[in-house]
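In full-length UniProt numbering, the protein residues as written are 1 to 198.
This report concerns only the one structure given below.
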């Protein structure tokens with residue numbers, strides 16, 4: 001890194017080490033752009049390169065007492081910036097790996113976000129269909145589908161004849177099928193939306 005130095009570098013470093021903010025501002029102005037260009041080659045992102053260089057100069061100011069023994073300021077600044085880049089790169093890589101891990105765990109447990117939205121939409125449509133059933137049809141359906149009871153067991157719980165339970169179930173299923181067919185367009189719209197989202 002070759003930069004013209006219009007000042008006595010050792011004297012400037014001594015002033016910075018003693019807390020001279022004007023001297024620090026001179027160094028910042030002199031080296032910022034060049035180190036920024038170097039960091040941009042590493043990151044390929046303007047915002048990341050700028051953040052790294054700014055943090056590097058913050059680190060320099062916080063450790064300004066070390067400047068007294070520095071022989072080449074340009075090399076030292078570049079080293080500080082590289083160290084900051086490595087720290088951020090490690091954090092970013094760990095963060096990406098952790099996000100990937102969480103995504104895999106979530107999808108293993110609940111399915112993909114797309115599948116989860118579809119499942120919720122299906123449940124919402126089914127709930128609306130159930131709300132349209134008579135109380136006895138609802139009870140018979142839920143005992144059959146959610147508790148897995150046979151018609152005979154449902155009849156015992158509801159105090160009805162098995163044939164009556166069968167009739168309730170037949171009407172419930174017909175009503176649910178009709179409701180779902182009437183609302184199938186709503187489900188298709190969701191599928192089209194998901195195609196654009198995922």
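Every residue gets a Cβ at the ideal spot worked out from N, C-alpha and C, and that includes glycine.
It should be emphasised that the depicted structure is a prediction, and the values quoted were computed from it without experimental measurement.
So, is residue i buried or exposed, given that buried needs 16 or more other C-beta atoms within 10 angstroms?
i: residue 168; result: buried
i: residue 98; result: With a pLDDT of 47 at residue 98, under the threshold of 50, the predicted position of this residue should be treated as unreliable, though the coordinate-derived value follows. Under this definition residue 98 is an exposed residue.
i: residue 151; result: buried
i: residue 125; result: buried
i: residue 144; result: buried
i: residue 30; result: buried
i: residue 27; result: buried
i: residue 182; result: exposed
Who are the near neighbours of residue i in its chain, counting only those whose CB is closer than 7 Å to its CB and skipping five residues on each side?
i: residue 106; result: Residue confidence for residue 106 is low, a pLDDT of 48 falling below 50, so the modelled location carries little weight; the figure read from the coordinates is stated next. So the list is empty, once near-sequence residues are dropped.
i: residue 60; result: 77 and 80
i: residue 171; result: 137
i: residue 70; result: 13 and 76
i: residue 62; result: none
Leaving out the 5 sequence neighbours to the left and right, which residues in its chain are closer than 8 Å to residue i when beta-carbon positions are compared?
i: residue 9; result: 73
i: residue 85; result: 39, 42, 43 and 52
i: residue 179; result: 125, 128, 129 and 132
i: residue 166; result: 151
i: residue 155; result: 161, 162, 164 and 165
i: residue 176; result: 126, 129, 130, 133 and 141
i: residue 149; result: 143 and 157
Nearest CA to the CA of residue i: which residue from the options?
i: residue 83; options: 124, 70 and 56; result: 56
i: residue 45; options: 133, 64, 89 and 172; result: 89
i: residue 65; options: 24, 171, 141 and 30; result: 24
i: residue 54; options: 134, 171, 135 and 32; result: 32
i: residue 75; options: 62, 34, 87 and 155; result: 34
Would you mind giving the Cβ-Cβ distance between residue i and residue j, rounded to the nearest angstrom? I have them listed as a contact below 8 Å.
i: residue 139; j: residue 158; result: 6 Å
Just to confirm my understanding: we take residue i, look at its own chain, exclude 5 residues before and 5 after, and list those with CB closer than 6 Å. What are they?
i: residue 67; result: 13, 16 and 17
i: residue 135; result: none
i: residue 58; result: none
Tell me, please, whether the region 32-41 touches the region 7-14 by the rule of three or more beta-carbon pairs shorter than 8 Å.
-> Output reads no: the region 7-14 does not touch the region 32-41.
Three or more C-beta pairs below 8 Å linking the region 17-32 and the region 42-49 = Too few Cβ pairs lie closer than 8 Å, so no.
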